Structures are given as C-alpha cells and as structure tokens.
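Novice: Chains as they are written, first to last, in this note's numbering: chain F, 9 to 317; chain A, 43 to 573. Glycine residues also receive a C-beta, built at the ideal position from the N, C-alpha and C atoms. Predicted model only: the values in this text are computed from it and were never measured. The structure is given below, and queries will be raised subsequently.
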C-alpha cells in the first residue's frame, strides 16, 4: 500500500508542478502591472522603484526561485490591489466556493440518480422522454442567462428570493445553487439513464427479476450499484470544475469565492493572489485525487496491482 | 453470466470514490461553522428600515486609502463621506466652496495661504489643525507613496507646505499656479498620525461618516460621525455592497434591496427607478499621428467625418449621450461653446481619403482600433460601428478588444512599438473641472496619454495654463479649437451620461461628480425627517 501511495503521489504531483510553473510564467507574459498601480504621470524612477519593490525587475528564474522559497514558508506575498496577504485572501475565498460546489454536486448527484433511474426503468416511456428533454435542455442552458433570468423572475417578478448576496437565510442559496446545478444535473441524468438502460438489460437483472425481486430492489439494489461508476466519473470531473471556481455565479450573485478572486487577479495583474489561488486549488484537487485513488485501491485490489511499479 | 462486479476501465473505477469524497466534504463544509452565508436576514445591503442607506457599487474598492481617491472605486466611497479636502468644487457651478479651509488667497505669485477651520475633530477624536492639513498634502504629493492623486492632479510638481499657525497654512509651488486651490480639492485630509511609510486600507477623516466595518468581499458599513462639524447626514448608517452585473444592480433597486445603484445601463434598468445625469466622461478615438496613414491630417479629419455620432448614440447608447466636439464637456473651464461636432459626411470623408491616397499616403494600411471591455455598456457594438464607418470611407480597420491592463499599454507612454497605426477608443473624465487636466495629459506633445502634438499647440497650452479667470477660459477654449483645426489627434464621439438607480424611498440629485464622489450627506429619505 505504501508503494502504491508513493507512486500515486509522484504521478499526481507532476501535473501540479506544471500548473504552478505554467501559471507563474504565463502570468508574467501578460506584461508588467506597473501601469495599473502607479499614477498616470509616475516618473521612470517611481516605476523602477515599484518594480524593484515587488521584484518585477528580476529575471523570471529569480522571481520563480523567490516565489518557491517564500511559498515553502507559506508566504505567498502581498496583493498589489489591496495590500493584504495573498494567502489570507485566498483562504477567505476558498470556503465560499467549496460550499457552493459541495451543495451543488450533492443535489445534482441525488437528483440525477432518481430521475435517470426512473427514465431508464421504462425506456421510451413518457417519463423517459420528459427526462430526456429536460436534461438536454438543462445541459444546454448558458448559466449566465439562467442566472439573470432567475434574478428577474424569482427575485424581482415573483419576489420569492433575494436577487443576490451572501447574507440571509436559506433562500440566499437557491438561485446560486440552481444556476450551478442545472448543467451538472442535465449531464448526469443523461449519464445515469444511459448506464442504467444497459444495466437493466444485463443477465443478472433478469435473474433477479426471475427470482421475484420487485422494481425498487431491481433498480436500487442491483442495477444502480453496478451502473454508478461512469456516473461518478463524470460527477468527479464536474466537481473539479466547480472547485476551480464558479466564476459566473460568484460574479452575478456577489459571492466572494475563488473564481471571482482569480478573475479579478488576472484582470488586475495581481500575480501574488493569482498564484496563491491557483496553488491552493491545484493542491486541493491533487489531494482529492490522491485520497480517492487510495480509497479505490482499498476497495478494489486490482487497482493496486494495475499501477506499474 | 455477467458478474455483478463491473469490469469497466480502471479510470472509471478510480474515480468512483472521488465523488463520494467530494460530496461528503462538501456536505461537511455546508454544515461547518465557517459558513460564508449567515443568518443576517437583512441581506448584504442591510435592512430596509429607513435608517441604513444602501448603495450598490460596480466593484469592491481595492482600498479606502484617501490618497488613492482619484480612483473611481475608492473615491466614490471615501471622498466627502469619510474624509474631506480643504476646499470642494461645486460640480454644477464649478465654483470652489470652503470646507476644511474657510478661506484662501494668493499671497505671492507662487504662494497660496489657507485659513483653516477651527473646532473640527477627526473621527478618532484628534483635533484638526493646519499641521494635519500640511501633513496630508505632503503625504499625498511629496512622499514616496506614489499616490494616484499625485499623478492625476499634480504631475511631478513638488509643493512646499507649511503650517504657520494652527489655523493658517501656506502652500508654495515651483511656478505660479493659478488653480492650486482647485488641485488641493483632490487632497483628502487625514490626521498626522497616519502612516507615511505605507498606504492605509481604512482611513480616518473628518467626514460625516466613519468606517464601521469592512467585511471583505461582502460589504463596507459606515456609521454617522456624531461629532461631525457640519450638518449631520440624514441616515445614521450607510452600507455599500457591490455587484458586477448591471442587471443585478438594477434588480436590487427594483426589488427594494438597495436604495442607490451606480452605473446602470439602459438595456437593463427600469426607467421609473433611474436618473440620467452628465458624468463628465467623453469618448473619442485617439489617432496615433506618428504612423501612416494616421500621420496625414486629412485621414484623421476624414475619420471624424465618417462617424455617425447621432446614429451610434441613438441606436447603441440608448440616447444617453450627446455628440462631442471636444474632450471636455460643458461646465469645465476651457470648454469651447462655439465648437460643433464634426458633421457626418461620408462623401467628404471619402474624398479626403482619396486625396491622401493620391499623394501617396498608404490609406489601405491596416489600422487597429483598440477598445477596452467594459468601458461602457455596448462598447463592442460601438467599436464595430466605428470599424464599419471607417472602412466605408476607404480605410482598413480591425478591432482589438482589450482588458484594462492591455488597454493601458496602448494608452500610456511609453507607447507600444511595432503595432502599426492605432485608433484607441478612450473615455476621458475631467472631474477636476479645468481643461488643464485634460490638455496636460491628452494634448501636449509629450503628455502621458498623447501620441503626438505640435510645438505651437504646446506653446498655447503652456500660455493658457498660466492664466486665470476669464482669460484662462478663453485661452483654453482657443486651444481646443486649434487642436481640432490643426492637429486633429482625436475623432470625438460623445459626451456620455451616467444612469443612477434610485429607490423611490430616497431623494438624491446626481451631478457630474456622482460617479466619482457620491456624497451620502446629500441623500435623504423621500419623506423628510431625520432618523
């Protein structure tokens, strides 16, 4: 198991290193942030002092070395925009996104399992066709459009929900979660349905039916367990996308999450914050991948054996 | 018989527990104590109790440092709310009014003397004296903090500032400065205990409100300064929140979640809840006269003739603008009332381009029209309209939409090299109220935002800058006319108008400074009465 874990960490760490290095170098190719932060008529001396103070006058390798050595001490620098610690800004924003992503995927998976299973139980029935239409529509709707229409209809028109914001009761979650939920839900319903149709026609299901198993036991006791793997694979990818930042939702609804922070950092050439945000999300995804691989290896010994030494 | 254990590829199996782990962690996070969302039923902007003025901005201020208040996002919160200057300019009349200075006069050609108001205290209880005023000016203008207000208002000018008594201040300039009091209206006064080594994030001032709390990413709360020296504002509290999307800001007004919303656009706002106002912003194409074919004045003038200003304003800007003939709007010292927008005349523009081509000007060389995303609502449509109109008169134009940082590279010196001829779509706001702030940046040959000029234009600008009163107005008006006739660095588009969302519960009259300096003390409940 230790050997397996070591191999998984090494193989998963390589992309992490590339992401961190890539973001560091590509960010600097977008140009110096000096013009954004100094007065219009700043003198060349002031520009030089600003660059020197923030290390922008050093070569890229020197800047990278400084960044890595400081990061090793958990010092991610200071935001050019706010003057705050980049690390603390990122740590404030990340839980916001994690909460949105966690709630969204929980609801998306549960909803998709229910609707997809119902649709698959009787292929081409009315329920199946309605589920197919809804899921295709949901997977195709642009999230920014859905968000704005949601604000206008449910926030202003019907006056059921707040338009935006993070302070309030459970109702503040509804529109952001619904906006985030709609696409993963649509995609997952289709995946569940496709996977379940195959499983329900498998010989072991026929055997279960022949032994008198009822519809619930057939669907949830036999077919669903064996068809859930591709669903969870897709759900995993969708979750990682959300952990990277639900930019549209955070922007429209005023949620101060990691996606909004990263976009603002890119636009403002706030390199320290951008690097800290990318590093944290990359490490989180890296850790999650390791964790799930370990869990999977514990469950299925074939996985441990499948990883080459 | 097929096994009930699926034999799917390893990756699918490997992913299976990941989702469970993520879902579990997400659920745990939802129930964790570190929830960002809490049970403040009033919402981000606060409750509609009539005692809190709720303002929704376009973005969170990066800082509330007073010496950065020439930045719109900072100034709209700080200026005249938290901190105050010595004098303030009436945005409507252009007249300077006393604030923390009760009077001022030019006592020598290069020296101005200010009488400092007594009986004023800062929000921390410290008394305000001339020493604080001297400190604040020194800090903003002469320090190494690289304050934006320094660059915007004073350039590289150094000031000799002295508190000659607790109630008297002298400011000496290197050369005669007839508008020094106007420049000082941009310097916000802070106590002399404020750091000079670093910018502060939350300031202390003498204004009618003090910062009560700044919940990063969510809101800024202000509380009324009960020791304010002037008339107490109507609302005991104020709260700023921010939403990037104009339709959400408009929706917050319509739903009653906010009382004031800044920078709405005509496509998403309910007309019943909005007020249009001139915001001093002027849009124009800056034509880089160093590069062919824009180095030919006929081509530059042809571009001015090719623009259908009225069509663009009516069709793309919702009628919220007026055709422009100069870079400064009415009300600014130096505005030339006699200048009319260049008539829209495609035939004449084509003829000028043909003339230039006949003289060997490479009119088919590709011109890059650079515009900034988000500069104003509908900017990409406007850029496409301008491209079409320039193409139609025989020029070859492509569009480059840029973010702020990239746009600045084109806007500020040193200008980028090897990018060919550039027509830069700019939006210039002269909030200072004097054409000198425009000419020094946009018209002089080596201005930070100018691509070229002429010695004669530079001479005229310098001469106008030394004048005051009516002579100054006349001289700058002539400068702007001369620019149009002889230099033609700009093809003007429009004097823009802002759109403010206003709840029926509040009474407020926006003016040309509202976008940069929203005085909360000027807002009152629709039904008169102090809370």
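Please report the distance separating the alpha-carbon of residue 375 of chain A from that of residue 479 of chain A.
Specialist: Approximately 10 Å between the Cα atoms of the pair.
Novice: Give the DSSP-derived three-state secondary structure of residue 130 of chain F in the structure shown.
Specialist: Looking at residue 130 of chain F - three-state DSSP - the assignment turns out to be coil, as it is neither helix nor strand.
Novice: Only counting the same chain, and skipping five residues up and downstream in sequence, which positions put a Cβ closer than 6 Å to that of residue 278 of chain F?
Specialist: Excluding residues within five positions, the ones whose Cβ falls inside 6 Å are 87, 88, 89.
Novice: Is the shortest distance between the beta-carbon of residue 223 of chain F and the beta-carbons of chain A less than 8 Å?
Specialist: False, the Cβ-Cβ gap to chain A never drops below 8 Å.
Novice: What do you reckon, is the C-beta of residue 248 of chain A under 7 Å from a heavy atom of the ligand FAD?
Specialist: The ligand FAD is not part of this structure, which contains no ligands at all.
Novice: Let me see if you follow: with CB-CB separation under 8 Å, is residue 287 of chain A close to chain F or not?
Specialist: By this cut-off, residue 287 of chain A is an interface position.
Novice: Beta carbons nearer than 7 Å to chain F: which residues of the region 246-269 of chain A have them?
Specialist: Result list: 258, 259, 260.
Novice: Would you say residue 470 of chain A and residue 324 of chain A are within 8 Å of each other, going by their C-beta atoms?
Specialist: Yes. Within cutoff.
Novice: Got a sec, what are the start and stop residues for the beta strand (DSSP E) residue 326 of chain A sits in?
Specialist: Segment 316-329, the beta strand (DSSP E) holding residue 326 of chain A.
Novice: Could you name the residues of the same chain whose beta carbon sits closer than 7 Å to that of residue 132 of chain A, not counting the 5 residues immediately before and after it, in chain order?
Specialist: The answer, listed in chain order, is 139.
Novice: By a C-beta neighbour count over all protein chains shown, 10 Å radius and 16 as the cutoff for buried, is residue 26 of chain F buried or exposed?
Specialist: Counting Cβ neighbours within 10 Å, residue 26 of chain F comes out exposed, since fewer than 16 surround it.
Novice: Let me know if residue 343 of chain A comes out buried or exposed under the rule of 16 or more other beta-carbons within 10 Å of its beta-carbon.
Specialist: Buried, since its Cβ has 16 or more Cβ neighbours within 10 Å.
Novice: State the Cα-Cα distance for the pair residue 198 of chain F and residue 124 of chain F, rounded to the nearest angstrom.
Specialist: Using only the alpha carbons, I get a separation of about 7 Å.
Novice: Taking just the CA atoms, how far does residue 151 of chain F sit from residue 187 of chain F?
Specialist: Spanning the two alpha carbons is a distance of roughly 6 Å.
Novice: Just verifying my parser: in three-state terms, what is the DSSP assignment at residue 364 of chain A?
Specialist: Three-state DSSP puts residue 364 of chain A in a strand.
Novice: List the whole-angstrom C-beta distance separating residue 304 of chain A from residue 542 of chain A, where the pair is believed to meet the contact cut-off of C-beta under 8 Å.
Specialist: Sure, about 6 Å apart at Cβ, within 8 Å.
Novice: Give me the residue from A:349, A:474, A:97, A:410 with the minimum Cα distance to residue 260 of chain A.
Specialist: Among A:349, A:474, A:97, A:410, the Cα nearest to that of residue 260 of chain A belongs to A:97.
Novice: Tell me residue 173 of chain A's beta-bridge partners as DSSP assigns them.
Specialist: Bridge partners of residue 173 of chain A: none, in fact.
Novice: Under 8 Å, CB to CB, which of the residues in the region 220-245 of chain A have a partner in chain F?
Specialist: Residues passing the 8 Å Cβ filter: 240, 241, 243.
Novice: As an exercise, report each continuous alpha helix (DSSP H) stretch of at least 4 residues that is fully enclosed by the region 432-503 of chain A, in chain order.
Specialist: Counting whole runs of 4 or more residues, the region 432-503 of chain A contains the alpha helix (DSSP H) stretches 446-453.
Novice: With a threshold of 8 Å between beta carbons, is residue 451 of chain A in contact with chain F?
Specialist: Yes, residue 451 of chain A lies at the interface with chain F (some Cβ there is under 8 Å from its Cβ).
Novice: Can you list, in chain order, the residues of its chain with a C-beta nearer than 6 Å to that of residue 257 of chain F? Leave out the 5 residues immediately preceding and following it.
Specialist: Cβ within range, chain order: 184, 187, 188.
Novice: For the region 493-511 of chain A against the region 321-341 of chain A, do three or more pairs of beta-carbon atoms, one drawn from each stretch, fall closer than 8 Å, so that the two count as touching?
Specialist: At 8 Å Cβ cutoff, the stretches touch.
Novice: In terms of alpha-carbon separation, which member of F:100, F:219, F:83 lies closest to residue 264 of chain F?
Specialist: Taking only the C-alpha atoms, the option nearest residue 264 of chain F is F:100.
Novice: Is there a Cβ of chain F sitting closer than 8 Å to that of residue 109 of chain A, yes or no?
Specialist: Not one chain F Cβ lies under 8 Å of residue 109 of chain A.
Novice: Please name the residue, chosen from A:426, A:472, A:373, A:414, that lies closest to residue 445 of chain A on a Cα-to-Cα basis.
Specialist: Closest option to residue 445 of chain A, Cα to Cα, is A:414.
Novice: Would you give the residue range spanned by the beta strand (DSSP E) that residue 186 of chain F belongs to?
Specialist: Here residue 186 of chain F belongs to no beta strand (DSSP E); instead the alpha helix (DSSP H) covers 179-208.
Novice: Residues bridged to residue 94 of chain A by DSSP?
Specialist: Residue 94 of chain A pairs with A:279.
Novice: Thinking residue 386 of chain A and residue 347 of chain A are a contact (beta carbons under 8 Å), I'd like their distance in whole angstroms, please.
Specialist: Yes, residue 386 of chain A and residue 347 of chain A are in contact; Cβ-Cβ is about 7 Å, under 8 Å.
Novice: Relative to the C-alpha of residue 575 of chain A, which candidate in F:39, F:106, F:209, F:161 has its C-alpha closest?
Specialist: Residue numbering for chain A in the displayed model covers 43 to 573; residue 575 of chain A lies beyond these limits and cannot be assessed.
Novice: Mind checking who residue 130 of chain A pairs with in its DSSP beta bridge?
Specialist: Partner(s): A:139.
Novice: When the Cα atoms are used, what is the spatial distance from residue 108 of chain F to residue 447 of chain A?
Specialist: Distance between the alpha carbons of residue 108 of chain F and residue 447 of chain A: 30 Å.
Novice: What are the partner residues of residue 204 of chain A, as DSSP defines its beta bridges?
Specialist: According to DSSP, which records beta bridges pairwise, residue 204 of chain A is partnered with A:212.
Novice: Just to confirm before moving on: does the CB-CB distance between residue 525 of chain A and residue 485 of chain A stay below 8 Å?
Specialist: A contact, by the Cβ cut-off of 8 Å.
Novice: Can you tell which of A:412, A:313, A:279, A:403 has the C-alpha that lies nearest to the C-alpha of residue 567 of chain A?
Specialist: Selected option, being the one with the closest Cα: A:279.
Novice: Could you give the DSSP three-state label for residue 263 of chain F: helix, strand or coil?
Specialist: It is coil, neither helix nor strand.
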